[in-house]
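Here the structure comes first, spelled out in structure tokens, and everything after it is commentary.
There are 2 protein chains.
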Amino acid sequence: MCMLLMVIGMQAQENIGVNPDKITSPVIHDDGTVSLYLYAPNAKKVTLSASFLGHETDMKRDAQGLWSYTTSPLTGELYTYYYNVDGMRINDPNNIYMIRDIAWYSNYFLIDGPISENYFVREVKHGTVAKVWYPSPTLKMAQRRMTVYLPAGYQEGNERYPVLYLLHGSGGDENAWSELGRATQIADNLIAQGKAKKMIIVMPNGNGTQEAMPGEYPNAMYKPRGMMPHSFDGTIENSFVKDVVSYVDSHFRTKADKHHRAVAGLSMGGLHSLWISCNNPDEFDYVGLFSAAISMSQKDSPYKYIYENMDEKLAKQFSKKPALYYIAIGDKDFLYKANKDFRAKLDKAGYPYIYKESDGGHEWRNWRKYLNDFLPRLF
Amino acid sequence: MCMLLMVIGMQAQENIGVNPDKITSPVIHDDGTVSLYLYAPNAKKVTLSASFLGHETDMKRDAQGLWSYTTSPLTGELYTYYYNVDGMRINDPNNIYMIRDIAWYSNYFLIDGPISENYFVREVKHGTVAKVWYPSPTLKMAQRRMTVYLPAGYQEGNERYPVLYLLHGSGGDENAWSELGRATQIADNLIAQGKAKKMIIVMPNGNGTQEAMPGEYPNAMYKPRGMMPHSFDGTIENSFVKDVVSYVDSHFRTKADKHHRAVAGLSMGGLHSLWISCNNPDEFDYVGLFSAAISMSQKDSPYKYIYENMDEKLAKQFSKKPALYYIAIGDKDFLYKANKDFRAKLDKAGYPYIYKESDGGHEWRNWRKYLNDFLPRLF
Chain A
4 MCMLLMVIGM QAQENIGVNP DKITSPVIHD DGTVSLYLYA PNAKKVTLSA SFLGHETDMK
64 RDAQGLWSYT TSPLTGELYT YYYNVDGMRI NDPNNIYMIR DIAWYSNYFL IDGPISENYF
124 VREVKHGTVA KVWYPSPTLK MAQRRMTVYL PAGYQEGNER YPVLYLLHGS GGDENAWSEL
184 GRATQIADNL IAQGKAKKMI IVMPNGNGTQ EAMPGEYPNA MYKPRGMMPH SFDGTIENSF
244 VKDVVSYVDS HFRTKADKHH RAVAGLSMGG LHSLWISCNN PDEFDYVGLF SAAISMSQKD
304 SPYKYIYENM DEKLAKQFSK KPALYYIAIG DKDFLYKANK DFRAKLDKAG YPYIYKESDG
364 GHEWRNWRKY LNDFLPRLF
Chain B
4 MCMLLMVIGM QAQENIGVNP DKITSPVIHD DGTVSLYLYA PNAKKVTLSA SFLGHETDMK
64 RDAQGLWSYT TSPLTGELYT YYYNVDGMRI NDPNNIYMIR DIAWYSNYFL IDGPISENYF
124 VREVKHGTVA KVWYPSPTLK MAQRRMTVYL PAGYQEGNER YPVLYLLHGS GGDENAWSEL
184 GRATQIADNL IAQGKAKKMI IVMPNGNGTQ EAMPGEYPNA MYKPRGMMPH SFDGTIENSF
244 VKDVVSYVDS HFRTKADKHH RAVAGLSMGG LHSLWISCNN PDEFDYVGLF SAAISMSQKD
304 SPYKYIYENM DEKLAKQFSK KPALYYIAIG DKDFLYKANK DFRAKLDKAG YPYIYKESDG
364 GHEWRNWRKY LNDFLPRLF
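Chains as they are written, first to last, in this note's numbering: chain A, 4 to 382; chain B, 4 to 382.
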């Protein structure tokens with residue numbers, strides 16, 4: 004089961020210099036080690052940057068100009084990497100599996116194991132993933148794009164489903180959770196195992212000035228630069244129930260009440276989830292804050308009311324006894340202290356919540372883990 | 004309107020060697036010329052391969068190690084390119100817009116003009132694009148993946164729509180037409196202008212042993228190698244109406260009759276369209292063969308009946324007077340003669356068809372053009 008990237012055709016070591024197309028990289032060995040290759044006969048120095056390494060590491064050149072690196076045995080996880088050739092960052096040209104984070108692509112591969120078992124596409128029934136355009140009058144946009152996951156079986160019947168609104172972080176977009184986050188695979192697998200309820204998952208765009216991800220709206224083929232305007236200033240939270248939830252409830256077969264509605268997000272999306280839920284205490288019974296950017300709200304905005312009176316709003320929200328208030332963060336996350344302070348506030352007021360602390364920092368390997376732990380607790 | 008890739012932040016020429024992240028590439032100038040950049044201070048030779056060039060062309064190095072190339076003014080088109088650094092093929096690390104053709108990614112950019120005007124995302128109502136899994140009993144697969152385009156307005160009413168089945172070529176998959184083919188944008192724009200009818204477009208997977216594109220089915224993160232088994236041997240044509248059409252008619256609001264059903268495809272998909280339509284003369288009233296691989300059917304198969312008795316099958320099909328039989332090919336296509344011979348057969352029998360001959364060969368710029376010309380003729 005470790006041989007997850009199939010080695011097809013000839014071995015990488017053969018025919019080098021004759022046909023670089025025959026290189027296979029990565030090669031996942033039966034013992035869990037992984038070999039990476041790059042054919043760069045004229046390069047002076049090639050290094051590897053990877054999520055399984057603590058630091059940029061030299062690759063080794065053979066006589067024919069094939070550079071390689073073989074890992075120690077890796078535990079189950081989704082790993083990302085890229086190369087640096089004489090100072091120039093590039094992707095592995097022999098690995099078509101890439102994911103974008105803001106302006107950069109990394110290659111990735113999967114190793115099977117307890118943490119990653121639900122990140123794989125398995126022989127289970129798959130849900131439908133749709134790119135849907137909805138009107139956003141509050142943001143004065145005729146159309147905005149969201150990713151909608153409909154569980155397997157949705158197409159065949161008249162059942163109504165609960166809804167999770169799953170929000171991305173700063174620099175991300177409506178594709179982030181379904182690509183970097185493996186949300187589709189995690190939901191498919193947990194639902195097939197009976198560990199999570201069948202649910203609709205709505206992944207909207209959380210950048211207040213974007214209609215959609217780069218390239219998917221008019222005149223938008225730009226190079227992304229990270230944080231977008233009107234993303235931390237209440238704009239999204241103010242519009243959320245009016246534009247997003249009302250569209251979803253009127254266009255999909257939802258159970259359109261608080262007890263069947265969850266909101267969760269990572270980083271900026273955690274900030275949004277906190278404030279969307281406490282400003283609408285009758286709308287969401289389940290809340291998930293993953294590495295939430297609690298301290299980053301900007302109050303110089305027409306929508307600053309969103310971020311005011313936290314204590315009163317939390318008091319009202321918790322007086323209604325939310326079914327789940329879930330907080331998770333890595334012990335090296337730069338937002339650790341902000342989350343610790345927020346938990347102290349909840350503790351002082353006696354508000355119940357579930358807290359999960361992982362190792363590591365502000366990174367996708369944690370957000371996938373939190374989602375995998377969070378979905379079975381819903382509905 | 005030519006400045007379609009926005010130049011954000013600093014010019015490429017500034018800060019080189021200090022912060023390569025600030026490079027913008029490509030830069031589309033107001034006069035229709037395009038500048039491409041690569042920061043590779045240690046490279047000895049950098050060349051550019053591009054759809055707007057006839058041959059691999061040297062790029063020019065400046066004193067700081069920034070390589071560049073500026074085109075002459077380009078006409079409206081979707082252009083692809085990649086770099087070759089000292090013999091190593093790479094993508095432009097500053098351009099996140101990439102499309103995959105089998106095992107290789109190329110970067111792309113768009114120039115506006117008469118040919119490409121419908122390739123852009125415009126301020127028009129957008130349809131929904133969904134990845135849908137359907138059972139394929141004839142192929143003995145519990146699930147296969149198709150891309151489904153639902154026209155704007157589908158979500159809001161009870162209208163029924165005609166359906167175009169749009170088939171990819173060898174080495175492609177269910178993502179090919181919506182990515183390389185810009186089918187989503189072409190349909191959105193033609194429908195919004197009133198030039199094409201509102202229709203559902205179904206883009207299935209045409210490889211007989213694949214459940215889905217690489218990476219989207221179990222144990223499938225392999226490096227694609229081109230032609231797949233059981234793609235040219237009648238397997239797909241035999242299963243098509245039984246598995247694909249019956250699922251679509253029972254799960255979407257279609258007008259489920261011959262007069263509201265079209266089948267078209269490029270290369271291998273053109274072969275499939277020819278045989279699907281003539282083996283099912285009561286099912287498809289509109290047929291499109293784009294650079295069809297007419298001569299490539301393999302008759303050593305349990306489904307060889309599909310490819311037998313062409314004359315009799317065409318006679319029956321044309322006796323029912325199809326609403327449209329459309330053939331298009333480039334004058335340098337390697338399949339030109341096979342299509343010429345096929346047209347001679349139709350001519351001899353007196354069967355009417357529309358024929359469009361373009362310049363160029365077996366390439367996506369032609370298939371996008373044919374689709375843009377074909378959609379307004381349907382329904």
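Where a beta carbon is used, it is the ideal one built from N, C-alpha and C, also for glycine.
Chain B places a beta carbon closer than 7 Å to that of Pro-96/A, counting this residue as a contact.
Residue environment: Met-230/B is assigned as exposed (fewer than 16 neighbouring CB atoms within 10 Å of its CB, all protein chains considered). With contacts defined by Cβ atoms closer than 7 Å, Pro-44/A and Val-37/A do not form a contacting pair. Below 8 Å, too few C-beta pairs join the region 115-130 of chain A and the region 139-151 of chain A to call them touching: fewer than three. Residue contact check for Ile-204/B against chain A: no CB pair falls below 7 Å. Within the region 76-91 of chain A, the residues whose Cβ lies closer than 8 Å to some Cβ of chain B are Val-88, Asp-89, Gly-90, Met-91, listed in chain order. Listed along chain A, no residue sits closer than 7 Å to Ala-66/B by beta-carbon distance, the nearest being about 16 Å off. Under the Cβ distance rule, Lys-226/A counts among the residues neighbouring chain B, one pair being separated by less than 7 Å.
It is roughly 11 Å from the alpha-carbon of Tyr-72/A to the alpha-carbon of Ala-53/A. Look at the beta carbons and you see the region 101-117 of chain A not touching the region 128-138 of chain A: under three pairs across the two are nearer than 8 Å. Put simply, the CB of Tyr-100/A is near chain B, with a gap under 7 Å to one of its CB atoms.
Counting the other Cβ atoms within 10 Å of the Cβ of His-275/B gives 16 or more, which makes it buried. Counting along the chain, no beta strand (DSSP E) covers Asn-369/B; the unbroken alpha helix (DSSP H) around it starts and ends at 367-377.
Comparing C-alpha distances from Leu-269/A to each of Tyr-308/A, Arg-368/A, Tyr-82/A shows the shortest one belongs to Arg-368/A. In the DSSP assignment, Val-251/A falls within the alpha helix (DSSP H) that extends over 249-254.
In terms of Cα proximity to Asn-342/B, the closest of Lys-323/B, Phe-293/B, Lys-351/B is Phe-293/B. Within chain B, the residues placing a beta-carbon under 9 Å from that of Phe-112/A are Met-224, ordered along the chain.
Per DSSP, Asp-104/B lies in no alpha helix (DSSP H); the unbroken beta strand (DSSP E) holding it starts and ends at 101-104. Contact annotation: in the region 337-353 of chain A, no residue has its CB less than 8 Å from a CB in chain B.
The DSSP-derived three-state label of Ser-300/A is coil.
The beta carbon of His-365/A sits closer than 8 Å to the beta carbons of Ser-270, Ser-294, Gly-333, Asp-336, Phe-337, Leu-338 from its chain, once the five residues preceding and following it are set aside; these are given in chain order. Gln-158, Glu-159: these are the residues of the region 157-175 of chain A whose beta carbon lies less than 9 Å from some beta carbon of chain B, given in chain order.
Take Glu-219/A, set aside five residues on each side of it, and the residues of its chain with a beta-carbon closer than 7 Å to its own are Arg-148, in chain order. In the DSSP assignment, Arg-346/A falls outside any beta strand (DSSP E) and within the unbroken alpha helix (DSSP H) covering 339-352.
Under the three-state reduction of DSSP output, Arg-125/B falls in the coil class, being neither helix nor strand. Taking all protein chains in view, the Cβ of Thr-131/A is crowded by 16 or more other Cβ atoms within 10 Å, so the residue is classified as buried. Excluding the 5 residues flanking it on each side, Val-151/B has same chain C-beta neighbours closer than 6 Å at Ala-133, Val-135, Val-205, in chain order.
The beta carbon of Val-127/B is closer than 7 Å to those of Asp-191, Asn-192, Ala-195 in its chain, skipping five residues each way along the sequence. Not a single CB atom of chain B sits nearer than 7 Å to the CB of Glu-182/A. When C-alpha distances from Asn-283/B are compared across Ala-265/B, Leu-374/B, Asn-97/B, the shortest belongs to Ala-265/B.
Short of 6 Å from the beta carbon of Ala-347/B, and not among the five residues preceding or following it, lies no beta carbon of its own chain. In the structure shown, the three-state DSSP call for Ile-118/B is coil.
When DSSP states are grouped into helix, strand and coil, Asp-246/A belongs to the helix group.
Below the 9 Å Cβ cutoff, chain B contributes no neighbours of Glu-366/A, its closest Cβ being approximately 20 Å away. Judged by DSSP in its simplified three-state form, Glu-214/B adopts coil rather than helix or strand. Neighbours of Glu-126/A in chain B, taken as residues whose beta carbon is under 8 Å from its own, are Ala-145, Pro-221 in chain order.
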